[in-house]
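Q:
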Amino acid sequence: MNERVWRVSEFRRCQTITVSSLNTLSTITKPSVPNQFIREHVTQTPHSNGSQTLLPDIISLFSDKWSYNTAETISKEILREKVSKLKDEVVGQRDDVEKVEKALDEKGVSLFRRYPDGSAVVELLTQLKPFPDLAMEVLNWRRKQLDYAAPMTVEEYSKGIAVAGRLKNVDLAMEPECTPSIITYNILISAFGRLMLVDHMEATLREIKELSLTPTIHTYKGLIAGYITAWMWEEMEKTYRIMKAGPIKPDIDIHLLMLRGYAHSGMLEKMEEIYEMVRDHVDHKETPLIRAMICAYCRSSHVARVEKVEKLLRLIPEDEYRPWHNAVDKLANFVRRAEHAGWKVCRSLYHCKMVMYAAQMRISEMERVLDEMDRVNMHLSKKTFWILYHAYERWGPQSKLEQVIGMMCKHGYKVPLDACNS
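Set out below in structure tokens:
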């Protein structure tokens, strides 16, 4: 194989070749050559007494197709590695705010000043996505400590608003030195919409108009999603009509949102009209929307609703099927919305979810309820362990059943006699 590659280089240097050699070369230059082949064979030192020009000749044949390691990609990778080291140190000190600030003072200042465009701060906030509280501490430190030397950029502030949105901190103050862009307002509209703060969302839209900023398709997407969340169907349709009449036309994401909105509102004719526009995409990739359409037909008095429901049911994969009017999914949705609204959810609701998931052999979802309880600092009680015990006793696995029994013994709870005998 090495000889074939070097022949290609020799052909380029000499520009002479026989007919028989051409037949041989036709099998060399056409196949797709992976990057690993080039690294292993092209970058080796030739066996013969070839000159130093052979290597550049070979590389030039493939550089236009496989030159992925551009300078920009390499610089981004270097930035990610530097920020990753800082992130690890910050995460290691996350229990002490003073130590976090000290780590940022010692190692963050010099790093951030080397990237005045804010890319280092944005990368750090991105890597801290699993730790939103810690990301917020970094953002607050950034606003207080470095503004005198390097004012926050639009990208930094936009990322900060996204972090604040995940923490339900919708009152994050705007920096006077940083002029918000349409991206910033789009993030605000999206955050207000998810929290059903329609008044705030519409006030943000008015501010966009007052500042003469040009709305983007993401602006309309956030508005429509917010109106759907708040079940404000007239405003949803009005926004959609504005898009159709304006320069920014609806894309497939907007059509999928409208399909969901029409399904929830029971507007079957308009739902079917949108469905015909995106049928191919929905049938293969949007099972939740198919379920929403089935719900819409079941709530209606449509003449052919049975046939339409049966047709839609055939599109749902077997492994994604859920029982109709499933009470546990409704309960899970209620608990989730109650948590987002700031309500204090009692332990019994979490226990109900666990029992109902276990009854349907949805063990992984039952175990996720434990994570939900941990997020609200709700410890496991005797009843929690009993629910886990009966679930694993019925469905397995045996190893987890033994772990639960061990935890019950550790906490001093009574263990069933049959468990002791086994």
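Residue numbers for the sequence shown follow this note's numbering, beginning at 19 and rising by one.
Built from N, CA and C at the ideal position, the CB exists for glycine as well.
As the structure is a prediction and not an experimental result, all values here were calculated from the model.
Helix, strand or coil: how does DSSP classify S375 here?
A: Note that residue 375 corresponds to Tyr in the displayed sequence, not to Ser. Helix, per DSSP.
Q: What would DSSP say about Y410, mapped onto helix, strand or coil?
A: helix
Q: Whose C-beta lies closer than 6 Å to the C-beta of I312 among residues of the same chain, with five residues either side of it excluded?
A: V327 and L330
Q: Using the three-state DSSP reduction, which class does K94 fall into: helix, strand or coil?
A: helix
Q: Taking DSSP as the reference, what is the three-state secondary structure of C364?
A: coil
Q: Can you list, in chain order, the residues of its chain whose CB lies under 7 Å from that of A409, leaving out five sequence neighbours each side?
A: Only A376, I381 and M384 meet the Cβ criterion.
Q: CB G136 to CB M170, shorter than 9 Å?
A: yes
Q: Y133 by DSSP, collapsed to three states: which one?
A: coil
Q: Applying the 10 Å Cβ sphere with the 16-neighbour rule, what's the burial state of P335?
A: exposed
Q: So what's H320 in DSSP terms, helix, strand or just coil?
A: Here H320 sits in coil by DSSP.
Q: Please list the segments of the alpha helix (DSSP H) lying wholly inside the region 280-306, counting only runs of 4 or more residues, in order along the chain.
A: Entirely contained in the region 280-306, the alpha helix (DSSP H) runs reaching 4 residues are, in chain order, 286-295 and 297-303.
Q: Going by other Cβ atoms of all chains shown within 10 Å of its Cβ, with 16 needed for buried, is I207 buried or exposed?
A: When all chains shown are included, I207 counts as buried.
Q: Determine contact between the region 247-258 and the region 210-219, defined as no fewer than three beta-carbon pairs at a distance below 8 Å.
A: yes
Q: Does the beta carbon of G244 come closer than 9 Å to any beta carbon on chain D?
A: Going by chain labels, chain D is absent from the structure shown, which holds only one protein chain.
Q: Looking at the structure shown, is G424 part of a helix, part of a strand, or coil, going by DSSP?
A: helix
Q: Using only the alpha-carbon positions, how far apart do G110 and M379 sit?
A: 38 Å
Q: Measure from the alpha carbon of V101 to the alpha carbon of each residue in G183, E141, A121 and R131, then state which is nearest.
A: E141
Q: Measure the beta-carbon distance from L231 to I200 and round it to whole angstroms, keeping in mind my assumption that it falls under 8 Å.
A: Indeed, because the Cβ distance is near 5 Å, the residues count as touching under 8 Å.
Q: Go to W251, then tell me how far its alpha helix (DSSP H) extends in each direction, as first and last residue.
A: W251 to A263
Q: In three-state DSSP terms, what is L229?
A: coil
Q: Within 10 angstroms of the Cβ of S319, are there 16 or more other Cβ atoms? Answer buried if so, exposed if not.
A: exposed
Q: Using three-state DSSP, classify S399 as helix, strand or coil.
A: coil
Q: In terms of alpha-carbon separation, which member of M295, V373 and H282 lies closest to A350?
A: V373
Q: With 16 as the cutoff for other CB atoms within 10 Å, does T91 come out buried or exposed?
A: When all chains shown are included, T91 counts as exposed.
Q: Exposed or buried, S176, counting other C-beta atoms within 10 Å across all chains shown (16 or more means buried)?
A: buried
Q: According to DSSP, simplified to helix, strand and coil, what is D114?
A: Here D114 carries a coil assignment [DSSP, helix/strand/coil].
Q: Return the CA-CA distance between D151 and V118, expressed in angstroms with no decimal places.
A: 12 Å
Q: Can you tell me where the alpha helix (DSSP H) with I207 in it begins and where it stops?
A: I200 to R212
Q: To the nearest angstrom, how far is it from the Cα of N158 to the Cα of D298?
A: 46 Å
Q: How about L275 and D301: are their beta carbons less than 9 Å apart?
A: no
Q: Less than 9 Å between the beta carbons of Y133 and L104, yes or no?
A: no
Q: Using the C-alpha atoms, what's the distance from V139 back to L129?
A: Computed Cα separation, rounded: 9 Å.
Q: Just how far apart, CA to CA, sit I205 and E174?
A: 13 Å
Q: Using only the alpha-carbon positions, how far apart do K303 and E95 sit?
A: 33 Å
Q: Rounded to the nearest angstrom, what separates M425 and Y431 at their Cα positions?
A: 9 Å
Q: Are M219 and W251 closer than 9 Å when you measure CB to CB?
A: With a cutoff of 9 Å on beta-carbon distance, M219 and W251 are scored as not near each other.
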